[in-house]
Structure formats: C-alpha cells, structure tokens
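Chemist:
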Amino acid sequence: MTAPRLELRGISKRYPGVIANDSISLSVMPGEIRAILGENGAGKSTLTKMIYGAVTPDSGSVLIDGQPVTIRNPGVARSLGIGMVYQHFSLFESISVVENIALALDGPFDLRALGAEVSALSARYGLPVEPRQLVHNLSVGERQRVEIIRCLLQKPKLLILDEPTSVLDPKAVEHLFEVLRVLAREGVSILYISHKMAEIHALCDTATILRGGRLVDNVAVADVTTSDLARMMVGASIPVISRIPSICSPKPHLEVIGLSQTSADPYGTTLSNISLSVSGGEILGIAGVSGNGQQELLSLLSGEVLTDSQFIWIDQQPVGDMSVATRRQRGLTFVPEERLGRGAVPSMSLAQNTLLTDQTDGGVEFGLIKRSIIKGKAQHIIDAFDVRCFGVDALAQTLSGGNLQKFIVGRELGAGPKSADRCPAYMGCRCGRCGLYPSKACGSEPGGRRCPGDIRRTG
Amino acid sequence: MIKVHLERRLVPSTIMVIGAPVLALAATIGLGTILFLGLGIDPLATLYQFFWAPLTTPNGLSEWLLKASPLILIALGLSVGFRANVWNIGAEGMFIMGAIAAGLLAIHFGEGAPVWLLPAMVAAGALGGMAWAAIPAFLRIWANASEILVSLMLNYVAQLFLAFLVNGPLRDPDGFNYPQSPLYDPSAMFSPLFDEMRLNSSIFITIGAVAVTWIFLERSFLGFQMTVGGIAPVAARYAGFSQARAIWTGLLAGGAAAGIAGMMEVSGPLGQLTPVISPGYGYVAIIVAFIGRLNAFGIVVGGLLLSLLYMGGESVQIALNIPSAITRTFQGMLLFFLLAADVLIHYRIRLGRT
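Protein sequences, first through last, are from chains A and B.
Under the numbering used here, the first residue of the first sequence carries the number 11, and numbering increases by one thereafter.
Under the numbering used here, the first residue of the second sequence carries the number -8, and numbering increases by one thereafter.
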C-alpha cells in the first residue's frame, strides 16, 4: 500500500485566547481531491497555512510520502512539492504575467524560455493565458489561472486551493473543476478549501469537516448528503428561513437613476447607467461576481464617495452629493463587508464603536462623550443580537468575525428603543449565514418599521 | 536552537504601559555603565550627575520645570494632530511666530501698559501660531500638499523672519546695534514664582493645558473622531467624520500651543526678542509627544524627562568634563530603548524551539 501524499497527525495551533486548530488529523492520497470544509473561523486557513509553512504548528507531526517533515517556511513547502493558490491573489498589477511568475521563482530565470513554458502549460491544461499581458488588464478568472500556472511550474505533488471559486462565474468554475480533475488523474493530490456544499459534491472524493478549530469528521463525499455536510459544518440543523411577504410602501425609499461614475482608482470599475429602486418593505439583492462594480456602487450609495446629486435619491430627495452623515440622518444605514477597520475600529471597545455611527440619545452632550450611555447602548446591542464577547469594554479586534458582524448589524439597525423607526434603507453586504441576524432584522418588517430595504450582494 | 517569537497580545498589556519605560531605563543604565567603563569614566558619578545632581538644588528644580513647561505645552498641542495622523513638524516656526505676535504688542505698549496686556499677549501668541499653522492646513486641504514638508519648511521662513525683524524694524534703538528688540516692560512679563529663580507663573498655563488636552483627547467627541481618523481612516470615512475638520483642528491646536509657548519663553526667561529664541523646543516636543504616547499625562512625564536630559547633559559636561558627543549618545540610547520597549505593550516575547 502506498503511503499518503500528505498526512497530518494531531496538529494544534493556539493563538492568544483561541485554539485555532485542536489536534487535527487527516491524510490525502496521491490523486485524491479532498475538501476541507468549515464555516468562517473554523480553522481552515490556519490549517492550510501550516501545511504551506506560513504558520508553524505548536504540536503534532506532518508526513509527506510517509516521511516526517518540518515545514519551516513556504520555500520548504515548495521544495517538498506543495503549491498554494490563495483566495486573494498576490500578483503585481503593473507588470506582465510572465514577470509575475518569474518573481515567484528561486534563482535566475530566462523570461523568454519561461514565457514558452507558461504557454506550453496553459495549452496542456486548457488554462488560456497570454504571458506578455499586463496583469491589470486581466479578469479575475485569468488572474487565477496565472496563480495556478505559477504553482504548476513547480510541478507540485500537492496543490492547495483556498476558496478558489469565490471570484469566479459559474462557467469559469466548471472549467476550473475540469483542470483540477485532469491534475488529479495525473496523480496530484488536491486540498480544496470551501464552504460551498454543491461544489464539494461536484468535485471532491473526500471531505474533512472542521468546526470551531476541531475536527468533526473525515468522510467520503459519496456517502453523505449535502444536508449531512451542512449539519456537520454548522453543528446543528440549518434553520429554514421563511420570509413573510412584506407590505411595500407606495413610494420608493431609495432610488438610483442612471448612475454613471468613473472610478478614482485606476484599477477600479467604472459604473455606467445604473438604475434601481427600493421601496419600504422590499429587499433587493445585487448579484454579480465580485469586482464588477459592487464596491464602487456601495461606496456611492453610502456617501463615502460623492457624485452628482441627481444620481441618488432618498425619499424623493436628491442626495448624491451629500455626506455620509447627512444620508445617515435621512435614514440610510450601511453594514460594510469589511468589519475590522471600516465597520469598526479594531483597537477600540464595543462601547466606543457605537459612537461611529450613533451619537443620539445623549451619547454625546456638549461635545463630550457620555460613557455610561454608550456602554448602555453597546450592552443593548450585545443582548439583542446575542453577540458573544467579554462585554462592552471588549476591543472590537477580540471578537470573532461573525460576532463583530452581528454587533455592527445591531448598531446599524438601531437596537436602541427610539431609533427603530428611523431607517428607511439598510444596506448589508454579503451577509453570508442567513440563519442568525437577518431573521431578527426581518422580523419587524411587517410593521414596516425596521430595515425595509436591503441591498445584498451575493458573492 | 531556541527561537524568540514576538506574539501579538490579545489586548494591550496594562502592566507594560508602566513596565516598558522602567525596563528601558534599566537597559539604558546597564548599557550606559558599560559605555562609561569602556571610556574609563566613573559610571556611578556620571549617572548621578545625569539624573540626580540637577535636581538637588532649588534653582535646579526651578530650571527643570522652566524647561519642561514649553516642551509639555507644545507636545500637548502636537498630540491633538498626531492622533489624527496630521503630522505637524512646524511647531518651531509656530513657536517663533507666536513670540513675534505677542512681542509686537509688548513693544507697541512699552512702559506703563494696561493690566490686560499680558492676557492679550497670550491671545496674540496663540493667534500668531495658529496663523502660521493655517498655511499648511489650507494647502493640505486645497492642494493636497504634504503638511509635513510645508510645516517643516515654514520653520526656516519663521526663523528668517524673526532675524529680519530684530535686525530691522524691531531693533532696539538704544541697543548698541545688537540684533535684539527693546527689553519688555515688567507688565509684559510673567512674574517669577520665587525670588532669585527664573520659574514663573506661566507654568499654570501649561498645567491648565494638560487638563484641557486630556478632556479633549479622552472625553470629547471631536477628540474621538480625530483618534478614529488616525488609527482607522477607512472607518472614519465610513462613519462620515470630516477629514478637513481633523486637519484644521490638529494643526490649529498645535499652532496655538506652540505660539503660546513661544510667547511664554520671551515673556519669561528671555525678556526680549533675539535672533534665536528656541533651543529646538519645537522639534524636541515631537519626541516628547511620542514618549508620552500622545496622552496628556504621558506627555508631562516625557517633558520632565527630556528637560532632565537637557540639564543632565550639561551637568556632566561641566562637572566631569565628558565630551558632549558621549552625553548625546547616552541620551539617544535612552530614547531608543524607550521607543523599542513600547513593542512589549502590544506583543509578548515567547521562547520556542525550532
């Protein structure tokens, strides 16, 4: 019997206050495609970083082809035949594909020979990429191909892909799967990090499920159903979300009329002629592969970027050139995708973070902060939205991503008693798990008071 | 092999906020002892001269506070801007312009001035510094010009402007052609607190400013907005906090504080405008602000420390005939360790085997 390509035995990693990985064991055979499945914060990234040498485990052992190894850094990982495709690409925008690839190689290189090699690989695996193209002209799918080719050049025996489909459209996903199946047939082992059940069923042979840093189970994908996987991942049956059809207001609360805007960022997306309208009681989703202008649109809606007044209307008033603060007074609230650093200040307490967008109800008097009042507000949000934390003085950076998200949503919905009816439009961005707060948020909808409009982006 | 890791703390250590400076002091004394021994200098005598001798006489204490006062006042003003990442390097120029604005009043009224002259001079000093600070603020907002470069270069302009004034329009007619203004009338000066000592009542302005700055930075909403703008600019933008207001507030606060400090220096120990009125207070105050971690009470400690270093450096040169380069090396060591030890507030050291 052949030894597994990769075997982990009792791998653990702790960070202050949290056990990221608690004695994880798994093995991957040559040619096997194994999913690593888990929610945000389940420990998937830490585990892959340890396999790739970007993080050192506290305890446990790693075996490659039956030999114990110490993967001190990514260079060692590469020399052992491990390749990694990150979720966020690490390419330089202003230089060409082949130059980007050359930068990742150790030692001297010949650009022309490398270009030929890239073309050969791209033809062989059906990964069309023009080596001399500048990266900023490439679509996200093409960029991912560059990342994959960069790994394939090292002739990996084990390829790790971290959420590779989050930026791809469905056709590109199908194509990526084809490539991965070819690689697997050639004997490459693949670790596929994801939380999307359908993809795992379509692609993977086996799955390792993590929850809260612990190993739940190693299963063969053919033996389990999608809902089994989901239950193992979340730890409970996923609540069925039901939506009571809401009564829409006669007039729209938020309107975008023929919005066109050139992005200030040279690599940003230019918006052209976008129109939409959201009435009270309505939930509007904005779909699209990320990078197609959602960020730009949301910044324009929130007021972080200003535009012509006539493009954006709140309650029949033009607001396109009005500041964030003014729009907030008109009742627009916004839950950004980036929790730390945008939705909350990492090194400040939850109580202080309430002040970012809410200075009402005596929180600020005569220019001075009333600490007892902001603490009370924070406590109210913590209770109402079941935010797990050490209390109102906990720093935002000490909360898990999901809990901080709940806190921000609570703040934006105005958990305070008086403010519940002052928000005609609420924008949430990539809400992810729907079981928790949206049910709460939507609960008060029929009364027509809270968060009637929701622009949600589906990544 | 044993490997040393720095591991980020979940929350900043409160013990280390106090402990880090103590460690830094211990490291400086340790390394300083080695340095002095290597040079054949008695380390105990040197350390005594550095840290203790200046404070053993009443006059020494008076001089210590007299030097610390402008450093603390300027650093308080600068910290308001630094909190919001508004990098005002121009306190030296604002110090000079504040002194000039107040000096114009003092010279205009001459002898037998009204009782409100001194308060008016404080206001003039603040306005002079603020006017100078308004230039980098305006250029930053209007043309996105770096306030670091603009405020820094305006220091030289202010210095030359002062030299022009005391060589020309403001030169004392009875001054034997020396480049200096007439001596101020006592009504334009702060009165000494004790006989035969230079420490004067202007120190109460600094004490008041400590309280005001603390309230502003730690308790006011505007101070909160500026702090958010400094540590999380994207969040400040998301929250709709105005960046222009942060720039104006930061620079004007620095200008007002430095301007008053300049006025205090001339209406205190100097008594007249001369071509050079600051021994670099505007620059040293930047270090004071950071040693004090941009906290009002921390700045008091930082100002007292740097004032002591000034005096200790002179004291060892005079008493032990040690070259000034050695004393500066020693001062540099202390500052280096102080800033380096700060890392322990946010990180812990862990030893592990590879």
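Backbone N, C-alpha and C fix where the C-beta goes; we use that ideal spot for every residue, glycine too.
Predicted model only: the values in this text are computed from it and were never measured.
In the structure shown, what three-state DSSP assignment does Thr175 of chain A receive?
Modeler: In the structure shown, Thr175 of chain A sits in coil (DSSP, three-state: anything other than H, G, I, E or B).
Chemist: Helix, strand or coil for Tyr135 of chain A per DSSP?
Modeler: coil
Chemist: Residues of chain A with CB closer than 9 Å to the CB of Val201 of chain B, please, in chain order.
Modeler: By Cβ distance, chain A contributes nothing, its closest Cβ being about 17 Å from Val201 of chain B, past 9 Å.
Chemist: According to the Cβ coordinates, are Ala252 of chain B and Ile20 of chain B closer than 7 Å?
Modeler: no
Chemist: For Leu144 of chain A, list the residues DSSP reports as bridge partners.
Modeler: A:Ser106
Chemist: For Pro427 of chain A, I'd like the list of residues in its chain whose CB is within less than 7 Å of its CB, leaving aside the five on either flank, ordered along the chain.
Modeler: Residue confidence is low: Pro427 of chain A scores 34 on pLDDT, short of 50, so the model does not pin down where it sits. Its coordinate-derived value is still stated next. Cβ neighbours of Pro427 of chain A beyond the five flanking positions: none.
Chemist: How far does the beta strand (DSSP E) with Met76 of chain B in it reach, from first residue to last?
Modeler: Note that residue 76 of chain B is Asn in the sequence shown, not Met. Counting along the chain, Asn76 of chain B falls outside any beta strand (DSSP E), and DSSP gives it neither H nor E.
Chemist: Starting from the C-beta of Cys242 of chain A, find all residues in its chain whose C-beta is less than 7 Å away, skip the five residues before and the five after it, and write them out in chain order.
Modeler: The sequence given here has Met at residue 242 of chain A, not Cys. Closer than 7 Å at the Cβ level, and outside the excluded window around Met242 of chain A, lie Ile219, Val226, Asp227.
Chemist: Between the stretch 168 to 194 of chain A and chain B, which residues of the former have a C-beta closer than 9 Å to a C-beta of the latter?
Modeler: none
Chemist: Between B:Asn312, B:Leu326, B:Arg228, which lies nearest to Asp33 of chain B when the distance is taken from Cα to Cα?
Modeler: B:Asn312
Chemist: Are Ala248 of chain B and Leu67 of chain B touching if we call contact CB-CB under 7 Å?
Modeler: yes
Chemist: Starting from the beta carbon of Arg338 of chain A, find every residue of chain B whose beta carbon is closer than 8 Å, and list them in chain order.
Modeler: Correct list: Gly231.
Chemist: Suppose you measure from the CA of Leu144 of chain A to the CA of Thr175 of chain A; what does that come to, to the nearest Å?
Modeler: Going by the C-alpha atoms only, they are around 23 Å apart.
Chemist: Is Ile324 of chain A closer than 7 Å to Val266 of chain A when the C-beta atoms are compared?
Modeler: no
Chemist: Report the neighbours of Ala246 of chain A on chain B: residues whose CB is nearer than 8 Å to its CB, in chain order.
Modeler: Going along chain B, no residue has its Cβ under 8 Å from Ala246 of chain A, so there is no contact; the nearest lies around 28 Å.
Chemist: So with CB distances below 9 Å, who are the chain B contacts of Ala354 of chain A?
Modeler: Ala223, Ala226
Chemist: Is Val279 of chain B close to chain A? Criterion is C-beta to C-beta, closer than 7 Å.
Modeler: no
Chemist: Leaving out five residues before and five after Phe58 of chain B in sequence, what residues of the same chain have Cβ atoms less than 8 Å from its Cβ?
Modeler: For the record, residue 58 of chain B in the displayed sequence is Lys; it is not Phe. Around Lys58 of chain B: Ser298, Tyr301, Met302.
Chemist: Given that a residue counts as buried once 16 or more other Cβ atoms are within 10 Å of its Cβ, and exposed if not, what is Gln362 of chain A?
Modeler: buried
Chemist: Is the CB of Ser70 of chain B under 7 Å away from at least one CB in chain A?
Modeler: no
Chemist: How should Lys54 of chain A be labelled, buried or exposed, when 16 other C-beta atoms within 10 angstroms of its C-beta is the threshold for buried?
Modeler: buried
Chemist: Suppose contacts are defined by Cβ-Cβ distances below 7 Å. Is Arg340 of chain A in contact with Thr216 of chain A by that definition?
Modeler: no
Chemist: Give, in chain order, every unbroken run of the alpha helix (DSSP H) that is at least 4 residues long and sits entirely within the stretch 118 to 163 of chain B.
Modeler: 138 to 158
Chemist: CB-CB under 6 Å to Leu325 of chain B, same chain, minus the five flanking residues each way: which ones, in chain order?
Modeler: Correct list, in chain order: Thr19.
Chemist: When we look at the beta-carbon of Asp120 of chain A and count the other beta-carbons within 10 Å, is it buried (16 or more) or exposed?
Modeler: exposed
Chemist: Given Ala13 of chain A, which residues of its chain have a CB within under 6 Å of its CB, disregarding the five upstream and five downstream residues?
Modeler: Asp75, Gly76
Chemist: Taking Cβ-Cβ distances shorter than 8 Å, what residues in chain A pair up with Phe215 of chain B?
Modeler: Gln362, Leu365, Ile379
Chemist: Ser259 of chain A and Ser285 of chain A: beta carbons closer than 7 Å?
Modeler: Cβ distance not < 7 Å, so Ser259 of chain A and Ser285 of chain A don't count as in contact.
Chemist: Given a cut-off of 7 Å, decide if Phe27 of chain B and Val307 of chain B are closer than it, judged by their beta-carbon atoms.
Modeler: At a Cβ-Cβ threshold of 7 Å, Val307 of chain B and Phe27 of chain B do not count as neighbours.
Chemist: So which residues on chain A does Phe212 of chain B lean against when the C-beta distance must stay under 8 Å?
Modeler: Leu365, Gln369, Val374, Gly377, Leu378, Ile379
Chemist: Listing by chain order, which chain B residues have their CB less than 8 Å from the CB of Pro346 of chain A?
Modeler: Tyr229
Chemist: Under three-state DSSP, which class holds Lys23 of chain A?
Modeler: strand
Chemist: With 8 Å as the C-beta to C-beta threshold (strictly closer), list the residues of the stretch 396 to 427 of chain A near chain B in chain order.
Modeler: Leu405, Thr408: these are the residues of the stretch 396 to 427 of chain A whose beta carbon lies less than 8 Å from some beta carbon of chain B, given in chain order.
Chemist: From this set, A:Gly117, A:Val79, A:Val177, A:Val192, which residue's C-alpha is nearest Leu131 of chain A's C-alpha?
Modeler: A:Val192
Chemist: Examine chain D for any beta-carbon lying closer than 7 Å to the beta-carbon of Val2 of chain B, and answer yes or no.
Modeler: In the structure shown, chain D cannot be found, because the protein chains are A and B.
Chemist: Quick check on the burial criterion: 16 or more other C-beta atoms within 10 angstroms. Buried or exposed for Asn83 of chain A?
Modeler: exposed
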